[in-house]
Structure formats: C-alpha cells, structure tokens
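In what follows, a structure is listed as structure tokens, so that the remarks can point back to it.
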Amino acid sequence: MIVENDRAALQFQLSGTNTGPVRGYPATGKPINIPFCLGLRVEGNAIAEIWFYLNSFAPVIPTFAKSHPDEPV
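Put into structure tokens, the structure is as follows:
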C-alpha cells in the first residue's frame with residue numbers, strides 16, 4: 001500500500017481455481033489469478049473517491065487457452 005496526503009493505492013490479487021463453467025467455457029480445473037489495483041481519495045474521515053482497475057483479459061489467456069493447437073475453440 002502507498003499512502004500520500006489524501007490518497008492511497010493498493011495492489012492485490014484474487015486467486016482461485018476454475019471449477020465451474022464461465023461464459024460458456026467448461027471448467028478447466030486450472031488456477032486463475034486476477035490482479036487488481038485500488039485507488040482511494042479521503043476527505044476528513046470518509047472515502048471521497050474510489051478508483052478500481054484490473055486487466056480483465058490477462059487471466060483468461062492461461063485459464064481458457066487450448067491445450068493443443070488443433071483443439072476446437
């Protein structure tokens with residue numbers, strides 16, 4: 001976590017295993033890791049703004065990648 005004046009930034013990761021279907025893709029049993037970044041601005045004792053960033057495409061590549069080039073999509 002980085003904190004300066006009225007702002008803070010935090011980077012974290014959601015991790016799990018693909019055990020069920022996702023958007024039409026069957027379960028793969030493969031691990032999935034999704035990195036996130038959260039930014040905050042504080043006014044007084046309250047959060048005034050929140051920024052939330054993630055690369056939603058990055059975890060899809062290894063999780064749903066075909067195991068063989070000739071395998072159907």
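Quick note: the sequence shown, position 64, residue 64 per the numbering used here, numbers continuous. Built from N, CA and C at the ideal position, the CB exists for glycine as well.
Leaving out the 5 sequence neighbours to the left and right, which residues in its chain are closer than 6 Å to residue i when beta-carbon positions are compared?
| i | result |
| --- | --- |
| Arg41 | Asp6, Arg7, Ala48, Glu49 |
| Trp51 | Gly39 |
Return the chain-ordered list of same chain residues with a C-beta closer than 7 Å to the C-beta of residue i, the five sequence neighbours on each side being excluded.
| i | result |
| --- | --- |
| Phe12 | Phe36 |
Let me check understanding here. Comparing Cα to Cα, which of the options lies closest to residue i?
| i | options | result |
| --- | --- | --- |
| Ile2 | Arg23, Asn45, Gly39 | Gly39 |
Considering only residues of the same chain and omitting the five flanking positions on each side of residue i, which have a CB-CB separation below 8 Å?
| i | result |
| --- | --- |
| Ala27 | Asn18, Thr19, Gly20, Pro21 |
| His68 | Residue placement at His68 cannot be trusted, given a pLDDT of 49 that sits under 50; the coordinates are not used to answer. |
| Asn29 | Correcting the residue type first, residue 29 is Gly in the shown sequence and not Asn. If we look at Gly29 and ignore the five residues flanking it on each side, its Cβ neighbours are Thr17, Asn18, Thr19. |
Beta-carbon separation of residue i and residue j under 8 Å?
| i | j | result |
| --- | --- | --- |
| Gly16 | Ile32 | yes |
| Leu14 | Ile34 | yes |
Counting along the chain, where does the beta strand (DSSP E) carrying residue i start and finish?
| i | result |
| --- | --- |
| Gly20 | It is not in any beta strand (DSSP E) - Gly20 carries neither H nor E in the DSSP assignment. |
| Ala48 | 46-54 |
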